[in-house]
Ligand code: KG4
Ligand code: ZN
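Residue numbers (the working numbering): 4 to 358.
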């Protein structure tokens with residue numbers, strides 16, 4: 004690419020985080036992040052209308068924080084990238100509309116970005132470009148997939164396996180609710196699990212038997228097994244051993260995630276596993292994955308904890324990669340695609356690209 008150095012503003016609003024990030028040539032210059040998580044806590048999950056209103060209120064202040072953090076002014080922005088899906092429709096609309104307004108008023112190109120590609124790109128901000136080929140395990144609140152990834156923004160993204168039912172993060176959130184640990188469930192389970200025994204309960208590891216699809220996940224049986232265990236203990240009138248249940252549940256999820264994604268690395272003859280998404284912030288997942296990757300001679304890449312959960316920097320990172328690869332900008336008329344499947348980093352995929 005020739006011309007001035009790109010300074011890309013990324014906008015994220017797919018769930019309950021309002022994120023603005025600024026990235027230039029693979030480097031994170033600064034970011035701003037606001038969360039409405041506390042407003043959803045009483046409901047045990049994200050309420051779309053509350054999230055959308057919170058994005059609307061947080062957008063301008065959070066953009067200001069990102070600009071100040073990066074030490075740039077709005078007029079320095081050369082490109083804008085925004086999550087256009089998947090996510091909560093009302094929430095995506097707010098960030099996308101904000102991004103369009105900024106791009107239009109600055110007269111700079113806009114790129115619609117797939118949120119999950121953003122999770123993968125987050126890792127490049129810390130560890131540099133991805134290798135030519137890798138296995139990416141995406142574990143978020145809404146998605147759990149094992150992907151075969153080449154060039155993140157040029158090549159089609161191949162799904163080796165997804166979840167049949169709940170996403171890994173969703174399982175954390177539902178089990179946290181069962182244990183009375185509140186929302187968001189992942190960090191709450193992790194905290195509770197710190198003092199628990201991972202072997203206190205033997206919860207099912209679904210889809211790990213020979214004959215099962217090697218890359219497909221299922222977490223709803225695990226959630227039901229935890230619910231039955233809690234019911235049985237309560238019926239006996241005993242105190243629920245929250246820490247032990249949390250630790251045993253966490254270990255069951257981690258076992259399945261690491262076993263299947265490492266199998267994909269081996270089957271495809273690759274050397275790198277990248278774990279991204281909100282659940283990648285889980286300390287046990289990071290530790291177990293590191294241990295098993297070391298034993299298998301596989302390079303493990305996981306973004307820093309702060310870049311695992313939703314943020315604007317990861318969307319800016321995709322925008323920056325798209326700009327530097329010479330991708331065509333998206334039309335200003337693009338709409339949100341709340342249930343977009345991940346086939347490519349840009350959304351919608353430019354005409355003629357393989358899906
Ligand atoms: O990627 P993310 O921020 O949003 C989505 O795109 O869904 O992921 C949010 C999910 C939630 O389900 C949350 O409970 C989970 O990530 N999560 C964790 C941890 N931190 C966040 N799960 C397990 N352990 C954590 N430390
Ligand atoms: Zn996410």
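Ideal Cβ positions, reconstructed from N, Cα and C, are used throughout, including at glycine.
ask   = Exposed or buried, which one is residue 182 when buried takes at least 16 other CB atoms within 10 Å?
value = Residue 182 comes out buried.
inquiry  = Would you say the beta carbon of residue 281 is closer than 7 Å to some non-hydrogen atom of the ligand ZN?
reply    = Yes.
ask   = Around the C-beta of residue 71, are 16 or more other C-beta atoms found within 10 angstroms, so that it is buried, or is it exposed?
value = Burial call: exposed.
request  = With residue 27 as the anchor, note down where its alpha helix (DSSP H) starts and where it stops.
outcome  = Following the DSSP letters along the chain, one finds residue 27 in no alpha helix (DSSP H) but inside the beta strand (DSSP E) bounded by residues 20-27.
ask   = For the candidate residues 139, 316, 180, 265, whose alpha-carbon lies nearest to that of residue 44?
value = Shortest Cα-Cα distance from residue 44 to any of 139, 316, 180, 265 involves 180.
query = For the ligand ZN, any of its heavy atoms closer than 7 Å to the Cβ of residue 313?
reply = At least one heavy atom of the ligand ZN lies less than 7 Å from the C-beta of residue 313.
inquiry  = Report the CB separation of residue 201 from residue 250 in whole angstroms; it is logged as a contact under 8 Å.
reply    = Right, their Cβ atoms sit about 5 Å apart.
inquiry  = Any beta carbon of chain B sitting closer than 8 Å to that of residue 123?
reply    = In the displayed structure, chain B is absent; only one protein chain is listed.
query = Taking the alpha carbon of residue 195 as the point to measure from, which residue in 90, 302, 285, 227 has its own alpha carbon closest?
reply = Comparing C-alpha distances from residue 195 to each of 90, 302, 285, 227 shows the shortest one belongs to 285.
message = By alpha-carbon positions, which one of 9, 23, 287 ends up nearest to residue 112?
response = For the residues 9, 23, 287, the minimum Cα distance to residue 112 belongs to 9.
key: Buried versus exposed call for residue 357 [16 or more other C-beta atoms within 10 Å across all chains shown]   = Here the model assigns residue 357 a pLDDT of 47, short of 50, so the residue's position is not dependable, and the following value carries that caveat. Flag for residue 357 reads exposed.
message = Is residue 251 close to the ligand SAH? I mean its beta-carbon at under 7 Å from any heavy atom of the ligand.
response = Annotation note on the ligand SAH: not contained in the displayed structure, which lists the ligand KG4 and the ligand ZN as its ligands.
key: Helix, strand or coil at residue 357 according to DSSP, with G and I counted as helix   = Low confidence applies here, because residue 357 scores a pLDDT of 47, under 50, leaving its location unreliable; read the following figure in that light. Looking at residue 357 - three-state DSSP - the assignment turns out to be coil, as it is neither helix nor strand.
ask   = Any heavy atom of the ligand ZN closer than 7 Å to the Cβ of residue 118?
value = Yes, the beta carbon of residue 118 sits closer than 7 Å to at least one heavy atom of the ligand ZN.
message = According to DSSP, is residue 46 part of a helix, a strand, or is it coil?
response = Residue 46 carries a helical assignment under DSSP once its states are collapsed to helix, strand and coil.
task = Decide if residue 77 is buried, meaning its Cβ has at least 16 other Cβ atoms within 10 Å, or exposed.
result = It is exposed - the Cβ of residue 77 has fewer than 16 other Cβ atoms within 10 Å.
ask   = Should residue 58 be listed as close to the ligand ZN, given that the test is whether its C-beta is under 7 Å from any heavy atom?
value = Not one heavy atom of the ligand ZN is found less than 7 Å from the C-beta of residue 58.
message = DSSP has residue 275 in a bridge; who is on the other side?
response = Its beta-bridge partners are 302.
task = Identify, in the order they occur along the chain, each residue of the same chain with its Cβ nearer than 6 Å to the Cβ of residue 351, setting aside the five sequence neighbours on each side.
result = Correct list: empty, nothing qualifies.
ask   = Can you pull the DSSP bridge partners for residue 30?
value = DSSP, once it has assigned bridges, lists 27 as partnering residue 30.
query = For residue 11, does the three-state DSSP call read helix, strand or coil?
reply = In the structure shown, residue 11 sits in a strand (DSSP, three-state: E or B).
inquiry  = Are there any heavy atoms of the ligand KG4 lying less than 7 Å away from the beta-carbon of residue 290, as far as the coordinates show?
reply    = Result no, Cβ not under 7 Å from the ligand KG4.
message = Give the list of continuous alpha helix (DSSP H) stretches no shorter than 4 residues that lie fully inside the segment 87-134.
response = The qualifying runs are 92-109, 118-130.
task = Give the secondary structure of residue 227 by DSSP, where H, G and I count as helix, E and B as strand, and everything else as coil.
result = If DSSP states are grouped into helix, strand and coil, residue 227 belongs with the helices.
request  = Give the DSSP bridge partners of residue 205, in chain order.
outcome  = DSSP output for residue 205 lists no bridge partner at all.
key: Top-ranked residue by Cα proximity to residue 142, from 229, 108, 257   = It is 257.
Residue of 64, 48, 91, 131 minimising C-alpha distance to residue 26 = When 64, 48, 91, 131 are compared, the shortest CA-CA separation from residue 26 is found for 131.
request  = Pick helix, strand or coil for residue 84, following the three-state DSSP scheme.
outcome  = Of the three classes helix, strand and coil, the one that applies to residue 84 here is strand, per DSSP.
key: Start and end residues, alpha helix (DSSP H) containing residue 58   = Note, residue 58: alpha helix (DSSP H), 51-73.
inquiry  = Going by beta-carbon coordinates alone, are residue 106 and residue 98 separated by less than 8 Å?
reply    = Taking the C-beta atoms as reference points, residue 98 is found no nearer than 8 Å to residue 106.
task = Could you tell me the distance, in whole angstroms, from the CA atom of residue 15 to the CA atom of residue 67?
result = Cα to Cα, residue 15 sits roughly 15 Å from residue 67.
ask   = Straight-line CA distance for residue 34 to residue 22?
value = Straight-line measurement puts the Cα of residue 22 at about 7 Å from the Cα of residue 34.
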